[in-house]
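Chains as they are written, first to last, in our numbering: chain A, 164 to 509; chain B, 164 to 509.
A virtual CB, placed ideally from N, CA and C, is assigned to each residue, including glycine.
Everything on this sheet refers to the single structure shown next.
Protein chains: 2
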Amino acid sequence: MPRSRGNSVVMVDVAREAGVSQKTVSRVINHAPHVRAEVRDRVLAVIDQLGYRPNVAARALVNQQRRTHVLGVIAVGLPLFGPANRVFSLEQAAREQGYELALASLPDMDPAGIRKAIDGLLARGVEGIIFEVPNHLVSVDESVFRGVPIATSVGRIPGIRQQVVIDTFQAEMGCLATEHLLELGHETVFHVAGPEEWDASRERRQGWSMALAAAGRQQPDVLQGDWSARSGYALGQRLAARPEVTAIFAANDSQAMGVIRALTEAGRGVPGDVSVVGNDDVPEAEFLMVPLTTLRSDQQAISERVLSGLVALIEDRDPDAPGPPIARELVIRSSTGPPPRRPSGL
Amino acid sequence: MPRSRGNSVVMVDVAREAGVSQKTVSRVINHAPHVRAEVRDRVLAVIDQLGYRPNVAARALVNQQRRTHVLGVIAVGLPLFGPANRVFSLEQAAREQGYELALASLPDMDPAGIRKAIDGLLARGVEGIIFEVPNHLVSVDESVFRGVPIATSVGRIPGIRQQVVIDTFQAEMGCLATEHLLELGHETVFHVAGPEEWDASRERRQGWSMALAAAGRQQPDVLQGDWSARSGYALGQRLAARPEVTAIFAANDSQAMGVIRALTEAGRGVPGDVSVVGNDDVPEAEFLMVPLTTLRSDQQAISERVLSGLVALIEDRDPDAPGPPIARELVIRSSTGPPPRRPSGL
DNA sequence: CACCACATTGACAACGCAGTCAAGGAGGGC
DNA sequence: GCCCTCCTTGACTGCGTTGTCAATGTGGTG
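So, in structure tokens, the structure goes:
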């Protein structure tokens, strides 16, 4: 019976050993004033000796879910580079601000699953929720949040009051990519999009669309993928068959890789015949056989702002304090260049 | 003052509304027997109507940290594909078994950081810890675990009793890759390794070494990288300069990508002049310009076994129950082939 | 009809901790 | 030297839940 009373060292044990009352131990633990230095040291020594650890459950209970210093994260698509990286940088940012993260990872955006995840997080006493669900229109009723503030980097979720939204400039990314290709002299730019239900995908597409419109170019039909290299490959095969295609903006680097593979396979060189831009700047992008031109944004800054916004909301401060600027840039490598000369005059 | 008493619906509220005692509500919640169906339904209706949610803190408190159904995960290197994928599949496996995960993500293997992470997890009342720290010899004293069982897929951590270890056959992976290249006719196989301090890296290297020894081949010096494509590229450049290199086993797919880039850049074709094998089978591997021959193992099965082993330990059952077999296989694509003909006779 | 067994329900205690309030002691001003 | 103040400390209580045990009701058996 191993779990008999394993770590049963509780405050009273420390108190008895140190010859003080339980309350005094509590005071020492919480750095409360009015404890003689000598007593404090003695108590601390006993704590160390006995290996005492406060029981969070009791603490949370008495504190009436006031300060658990735990923030919840609801993440979808963790195997993807973007979300995984986001969670990682959030964790770092949280640690810096003295918070811990409770992660609920979901395979998809099923509303029932999301509701259950929120319930679970709330049950664990999180003070706020970082809602990394890729679609801000997913149907969650305000009531499921029970007044706990939330932060998101996708878009304002309708009907939720306690909410801070950090703009990640996805549309601008699409714009930057498209402008770069147009500046190189391409007639127009084709787009291999991510899944329609992801905000980031839709916004990047809008940016692409706006840039084309601003330049007065015709807007080709969009090819819709699912972030995967596989989908990029399949869509790339279709584009490779169309001679008028000379420039492609893929919504992420994985898709861009698949597109490049398909083009190469079909005998169309990159960037000689077709230019390709990705998005994310995955660590491998620089070291592919044809180094990928792509878009990068400062994930660490985004996470810091998401986090400080949420903490501000929790602590009743102004959630819109500036925070670090979010850098974003086009990284030009080898997969983009001027369009090929027209085969026959003009 | 938004955080006044947000979700103050507690059991007594439900009890009062339903006209029963608080204890009866408790029974309904916990599916305890001896509650009349009619009463149960009435209570459930009130719970739904009032939006009551049990307070975990109180629950955990009274249960003496016995059953929180939360498992801790200590993960290092989350931005890497392997660890991120592992956490994801662990989360799924946990959900299936009725557990939740509390994640502590660490940037490195600093022992102080690990100790702090364990403390934090323990403080949150986890019943077990999945120790996804890539080196099993990292110095953690048994006492910091306070009797909580741990599971790991790296290797038995010395001095810890309550422990279940799942073998992930890393050495076999190295073996398979090397044998494949030897069978193709290569004289020997060069190895671009991962960081020395990662168990997985050392084991893959051992497998490579054993396969070479078994075939009676000479064992080239190892080039040590850090999992990144960048390091693969740097090391690949050195290998590209040596004409005797015709086969390379890279410890993961990212490094393999970098190696292939370096080789190509130096004018050595893959697989025409040099064959390259990776490890992990990242989703992009199939869709690179030269589709990567690589090794794949069944992450889902590994996670299931890690989890069920840990749960068995927690529930005092046999932790070595079989569980699903862990499939691992060589995926042969285009980056490997027979060695080139010797330039001059023999 | 008496009695027993068992289903159903509730009153009360306890979990580990921090808040409240009061008691004791030391120090300073008159 | 007296009184007031403030520092230090401890006894007691309550947070929301479940375990224990007793009380009540219900039905079946002899």
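Cβ neighbour criterion (16 or more within 10 Å) applied to residue i
i: Pro487/B; result: exposed
i: Ser252/A; result: buried
i: His343/B; result: buried
i: Pro312/B; result: buried
i: Asn415/A; result: buried
i: His354/A; result: buried
i: Pro482/B; result: buried
i: Glu259/B; result: exposed
i: Pro246/B; result: buried
i: Asn218/B; result: buried
i: Gly432/A; result: exposed
i: Ala378/A; result: exposed
i: Leu300/B; result: exposed
i: Pro196/B; result: exposed
i: Arg504/B; result: exposed
i: Gln510/A; result: No answer is possible for residue 510/A: the residues shown for chain A start at 164 and end at 509.
i: Arg367/A; result: buried
i: Arg405/A; result: exposed
i: Val225/B; result: exposed
i: Ser306/A; result: exposed
i: Arg480/B; result: exposed
i: Gln212/A; result: exposed
i: Gly421/B; result: buried
i: Ser498/A; result: buried
i: Thr254/A; result: Reading off the sequence, residue 254/A comes out as Glu, not Thr. It counts as buried.
i: Ala120/A; result: Since the first and last residues shown for chain A are 164 and 509, residue 120/A lies out of range.
i: Gly430/B; result: exposed
i: Gly322/A; result: exposed
i: Arg365/B; result: buried
Distance between beta carbons of residue j and residue i, contact taken as under 8 Å
i: Gly337/A; j: Trp371/A; result: 4 Å
i: Ala257/B; j: Arg287/B; result: Not really, about 15 Å apart at Cβ, beyond 8 Å.
i: Asn248/B; j: Met272/B; result: Not quite, the Cβ-Cβ distance comes to about 19 Å (not below 8 Å), so this is no contact.
i: Leu386/B; j: Leu375/B; result: Not really, about 15 Å apart at Cβ, beyond 8 Å.
i: Ser466/A; j: Ala484/A; result: With 8 Å as the limit, Ser466/A and Ala484/A do not qualify as a contact, their Cβ atoms being about 16 Å apart.
Contact check, residue i vs residue j, beta carbons under 8 Å
i: Arg319/A; j: Gln325/A; result: no
i: Arg459/B; j: Glu492/B; result: yes
i: Ile293/B; j: Ala314/B; result: yes
i: Ala340/B; j: Phe412/B; result: yes
i: Thr457/A; j: Asn442/A; result: yes
i: Val236/B; j: Glu295/B; result: yes
i: Arg426/A; j: Val437/A; result: Correcting the residue type first, residue 426/A is Leu in the shown sequence and not Arg. The answer is yes: Cβ separation under 8 Å.
i: Gln439/B; j: Ala419/B; result: For clarity, residue 439/B is Val in the given sequence; the question names Gln instead. In this structure, Ala419/B lies closer than 8 Å to Val439/B by Cβ.
i: Val172/B; j: Tyr215/B; result: yes
i: Val250/B; j: Arg278/B; result: no
Proximal residues to residue i (C-beta, below 7 Å), its chain only, five neighbours per side dropped
i: Ser417/A; result: Trp390, Ser391, Ala392, Gly395
i: Val175/A; result: Gln185
i: Ser268/B; result: Ala238, Leu241
i: Leu473/A; result: Leu234, Gly291, Ile293, Pro312, Ala314, Val327
i: Arg205/A; result: Ala181
i: Gly283/A; result: Ala267
Amino acids of chain A, ordered along the chain, whose beta-carbon sits closer than 9 Å to that of residue i
i: Ile277/B; result: The premise fails here: Ile277/B is roughly 13 Å from chain A at the closest Cβ pair, so nothing lies under 9 Å.
i: Ala490/B; result: Within 9 Å Cβ-Cβ: nothing; Ala490/B doesn't reach chain A, min ~18 Å.
Own chain residues within Cβ distance below 6 Å of residue i, not counting five before or after
i: Asp444/B; result: Thr457, Arg459, Val494
i: Arg424/A; result: Tyr396
i: Val352/A; result: Thr341, Leu344, Ala410, Phe412
i: Ala448/B; result: Asp416, Leu455, Thr457
i: His349/B; result: Thr409, Ala410, Pro502
i: Ile210/B; result: Val177
i: Ala490/B; result: Asp461
Neighbourhood of residue i by C-beta distance below 8 Å, restricted to the same chain and skipping five residues each side
i: Gly233/A; result: For clarity, residue 233/A is Val in the given sequence; the question names Gly instead. If we look at Val233/A and ignore the five residues flanking it on each side, its Cβ neighbours are Tyr262, Glu263, Leu264, Ala265, Arg287, Gly288, Val289, Glu290.
i: Leu509/B; result: Note on Leu509/B: pLDDT 45, under 50, position unreliable in the model; no value is reported.
i: Arg401/B; result: Leu386
i: Gly500/A; result: Leu347, Pro434, Gly435, Ser438
i: Arg155/B; result: For chain B, the structure presents residues 164 to 509; residue 155/B sits outside this window and is missing.
Interface residues of chain B facing residue i [CB-CB closer than 9 Å]
i: Tyr396/A; result: Glu449, Phe450
i: Gln255/A; result: Ser268, Pro270
i: Asn248/A; result: Leu241, Pro242, Ala247
Under 8 Å from the C-beta of residue i: neighbouring residues of chain A
i: Phe332/B; result: None at all; the shortest Cβ gap to chain A is about 21 Å.
Chain-ordered neighbours of residue i on chain B, where CB pairs are closer than 7 Å
i: Phe251/A; result: Leu241, Pro242, Ser268
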